[in-house]
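Quick note on the working numbering: the sequence shown kicks off at 48 and runs consecutively. Virtual Cβ for every residue (Gly too), placed ideally from N, Cα, C. Every value quoted in this text rests on a predicted model; they were computed, and no experiment measured them. Notes to accompany the following structure.
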Amino acid sequence: MKITIKRADLLTPLQAINNVVERRQTLPILGNVFVNAEVGSGITLTATDMEVEIMVNVEATTEQPGAITVPARKFFDICRALPNDAVIKLNLDEEKVRIQSGRSRFLLTTQPAAEFPSIGTFDPIVEFDLSVTTLKALIEGTQFAMAHQDVRYYLNGLLFELESGRIRTVATDGHRLALCDRSVELGETEPRQIIIPRKGVTEIVRLLSGADESVGLAIGSNHLKVTTSRQVLTTKLVDGRFPDYERVIPRAGEKHVYADREVLKAGLARASILSNEKFRGVRIVLSENKLMAIAHNPEQEEAEEEIDVEYSGEALEIGFNVSYLLDVLSVLKSEKVRVDFIDSNSSCMLQDPDDEAARYVIMPMRL
């Protein structure tokens, strides 16, 4: 195998590859990147951790085709350390790869390409194209509410729900829930639910940051594949059943608060400074056209924020994890935010007053 490639063309793909590679591998070869060179079609780089697999096409000049695996992190570090305008030559020399650029030379150990694992091919059940803007909105509007290392493994991911004319994403960690809808033309599609694991969600977001206007999605019984013009990302799906999230969404309450989103966010952020660092509790006290955010900590310190809002219901006092409120207020982009309450023991719901496409439910906490 002999190839010549520009550092500028190689660096970003290698960065994407290294995001997938685990630092601690059960199999040593999972720390390698699979390099496949073909005459006339550049090279393909592949990495996997057996849950997520990414393939990237890179422009290169191939003198001799071939395939081999090399240590991903070392390969990336070498390329990153070379000058911006460097031209890199790769040459397979027996069981090692010789990397040369100008006066720099490196010799990396390899492992046979035949031993490189794959998470497998699959037959798509549903295939469609989706705009990058739509997919980013669906994921970024909900991913923050995913559980992290929960024993209920199906919560450590993002529900992706298809219905004719609509895609919905839902995430919950048992204390809060985020839901986002987008209208799309899917044709005649049977309702379908899949759960994308946390790492798959993270890598899809990274892939979208450099993608074109649209991406291709292919859903199988156990896999999801996302394709751009230069990258293909395949992730296994979580084998589990997502909870009935519709039950969690509170019925319409009679207590509606309308607030300037940025003003409310800033006030809660200031109050949170003196909240308990572990539980992050803030007490919300509502009265006519006024919201008080009050926080205490074990050192007997206290913060109070008085915020002007639109509210004409009964007085109400309720506690929340302030981090959950701030997460929602950071994701919403509207000028105003609407918060619906039922009573001091029930969940609240936040949303854009003019757009019900995204809804956020937060359970109260005792303070």
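query	result
Residue(s) in a DSSP beta bridge with Thr95	Glu100
Backbone secondary structure at Leu177 - three-state DSSP	strand
Segment contact flag, the segment 214 to 221 with the segment 190 to 198, C-beta cutoff 8 Å, min 3 pairs	yes
Beta-carbon proximity check, Asn368 vs His270, cutoff 8 Å	no
Continuous beta strand (DSSP E) stretch holding Thr249: start and end	From DSSP, Thr249 is part of no beta strand (DSSP E) but of the alpha helix (DSSP H) over Arg245 to Ser256.
Close-in-space but distant-in-sequence residues of the same chain around Leu356 (CB under 7 Å, 5 per side omitted)	Contrary to the premise, residue 356 reads as Val rather than Leu in this sequence. Within the same chain, Val356 has close Cβ partners Val304, Tyr305, Ala306, Asn336, Lys337 and Leu338.
Spatial distance of Ser261 from Ile251 (CA atoms)	13 Å
The alpha helix (DSSP H) enclosing Thr59, as first and last residue numbers	Arg54 to Val67
The segment 140 to 156 contacting the segment 95 to 111, beta-carbon criterion three pairs below 8 Å	no
Per DSSP, the bridge partner or partners of Tyr305	Glu357 and Arg385
Euclidean distance between Cα positions of Arg415 and Arg245	Residue 415 is absent from the structure shown; the chain starts at 48 and stops at 414.
Reference Thr93; option with closest CA among Gln62, Gly87, Pro112 and Glu110	Gln62
Extent of the continuous beta strand (DSSP E) run through Val217	Arg213 to Thr219
Separation of Val310 from Asn344, as counted between CA atoms	23 Å
Counted within 10 angstroms of its Cβ, other Cβ atoms place Gly314 as buried (16 or more) or exposed	buried
Rounded separation between Ile320 and Glu349 - CA only	9 Å
CB of Lys283 within 8 Å of CB of Glu98, strictly	yes
Status (buried if at least 16 other CB within 10 Å, exposed otherwise) for Asn79	buried
For Pro75, three-class secondary structure by DSSP	helix
Glu349: CB within 7 Å of a non-hydrogen atom of the ligand FMN	The ligand content of the structure shown is nil, which means the ligand FMN is not present either.
Segments of 3+ residues assigned as beta strand (DSSP E) that fall wholly inside the segment 142 to 167	143 to 148 and 151 to 156
Leu379 in three-state terms, based on DSSP	coil
Separation of Leu226 from Leu376, as counted between CA atoms	14 Å
Simplified DSSP state of Lys121, which is helix, strand or coil	helix
Ile125, buried or exposed, once every other Cβ within 10 Å from all chains shown has been counted against 16	buried
Separation of Gly188 from Gln111, as counted between CA atoms	47 Å
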